[in-house]
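One structure below.
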Amino acid sequence: MWLKNVWYVAAFEHEFDQPFVERRFLDVPVVMFRTSTGAYAALDDVCPHRLMPLSCGKRIDDQIQCGYHGMRFSADGRCVDVPGQSQIPAAANVKKYPLAARHGLVWIWLGNAELADTALIPDLHWHDDPKWVSSRGYHNVQADFRLMNDNLLDLSHETYVHHQTIGNGEEETIASFPVVVSTENECVVRAHREMPGIAAPPFFSMVLDYSGLIDRWQTAINFVSGINITVAAVCPVGIDRAKASISHVLHLLTPETESSTHYFWANVRNYRLDDKALTETIREAVVATFDEDKAVLEQQQKQIEALKSRVPHVAIKLDEAPIRARRLLESCVKNEAADPMRLVRPVAFVSPQV
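Position one of the sequence shown corresponds to residue 1 (our numbering), numbered consecutively onward.
Below, the structure is given as structure tokens:
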């Protein structure tokens, strides 16, 4: 259940300070690196000789050398050296994939390379915008990325899973506040909640340095390829809404296999920009929060496999946004299969005001 003709996040840009990065995307092993000229390269992580992963070899200048028999491959996948012979077999090439850097992230295209237009990379400019500050990280979650989409679109679980961080107490559960769900361009789902006059959860009390009642509103946004954004805004009751503290929490999901996901994330804020201690405190808090999600999602995955079932097994009202997102994904995958040249074009996720 994967789209291929879309850009997926492959890594944070800073990860390319090392010789190479190896990961599996859509069940395809890939080795990636940045050349001395600053160009980004992604190759199948397999030597065409005896199928040894190239990532088990080493980087020599702008080439990767297989760790088994020393064959070398350039950034465009061509074999440029075979030890012990001058003739290079015509088939001794490695498939390459389009790779591009944007907004502090490196994106990979695993579909038809001729369609890999960088204009289709989703706009996540907050991640490297000087008007915002990012607390970022990565989790590998042993669960289907669709379970993670479900989790991010239905934030009512915060009351029960995250009661020590971002959730409200059961006396004013998030589920009690109505959610407005909408779809856009047959590829985006939005779920918006207004939560006025509530007790400040621990995380928001910390970032506001305030323990009284707050107005809180948030929008969960999902783009079918696995790009999720939570726009979270809070301010003390009585404060002008325009002065709210706003975070754009980027949840960037790239399927690793059918039952595991690369979870690149960043909590990007518009307040206390010079507070480096707060940046680290938020990072630590987000790690703790997403560790809680990881535990739940991995248990779900085990149950799905053990019971040979699917979720939701029984649907409730809170499932509206997740179900809409799954249906949009299914539709987009079917459309791509019927027309391999068809593209899903991302929209502006968040209005300029937030």
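All C-beta atoms in this analysis are idealised placements derived from N, C-alpha and C, irrespective of residue type, glycine included.
C-beta atoms of residue i and residue j nearer than 7 Å
i	j	result
G226	L250	no
Q218	R193	yes
A233	I246	yes
D154	P322	yes
N222	N151	no
V94	L51	no
S135	I282	yes
Y210	P236	yes
Residue environment, residue i, which counts as buried when at least 16 other CB atoms sit within 10 Å
i	result
E280	exposed
D45	buried
A292	Per the sequence presented here, residue 292 reads as Glu, with Ala not at that position. The residue is buried, with at least 16 neighbouring Cβ atoms inside 10 Å.
A277	exposed
E330	exposed
E114	exposed
I182	Note on identity: in this sequence residue 182 is Ser, with Ile being the wrong assignment. Label assigned to S182: exposed.
L328	buried
Own chain residues within Cβ distance below 7 Å of residue i, not counting five before or after
i	result
L3	V224, S225, C332, V333, E336, V344
P63	Checking the sequence shown, residue 63 turns out to be Gln, not Pro. Once the five neighbours on either side are set aside, the close Cβ partners of Q63 are R72, F73, S74, V80.
R326	R146
Own chain partners of residue i with C-beta closer than 6 Å, once the 5 adjacent residues on each side are dropped
i	result
P312	D319
V141	T261, Y263, K294, L297
N270	W132, I246
P29	D45
V180	H192
Residue span of the alpha helix (DSSP H) that contains residue i, given as start and end
i	result
F16	Careful: F16 lies outside any alpha helix (DSSP H) and carries neither H nor E.
P202	202 to 208
Residue(s) in a DSSP beta bridge with residue i
i	result
E158	For E158, which the question treats as bridged, DSSP gives no partner whatsoever.
N335	Paired residue(s): none; N335 is not in a bridge.
T279	BP columns for T279 are empty, so no partner.
A42	M32
M341	For M341, which the question treats as bridged, DSSP gives no partner whatsoever.
M195	R216
D81	R72
R418	Here the chain covers residues 1 to 354 and nothing more, so residue 418 does not appear.
Continuous beta strand (DSSP E) stretch holding residue i: start and end
i	result
S260	260 to 269
L120	Neither: L120 is in no beta strand (DSSP E) and is coded neither H nor E.
V234	227 to 236
S182	179 to 184
F223	213 to 223
8 Å CB neighbourhood of residue i in its chain, flanking five on each side removed
i	result
S36	D61, D62
V21	A10, A11, E15, V31, M32, F33
Any non-hydrogen atom of the ligand SAM within 6 Å of residue i CB
i	result
V6	Among the ligands in the structure shown, none appear at all, so the ligand SAM cannot be discussed.
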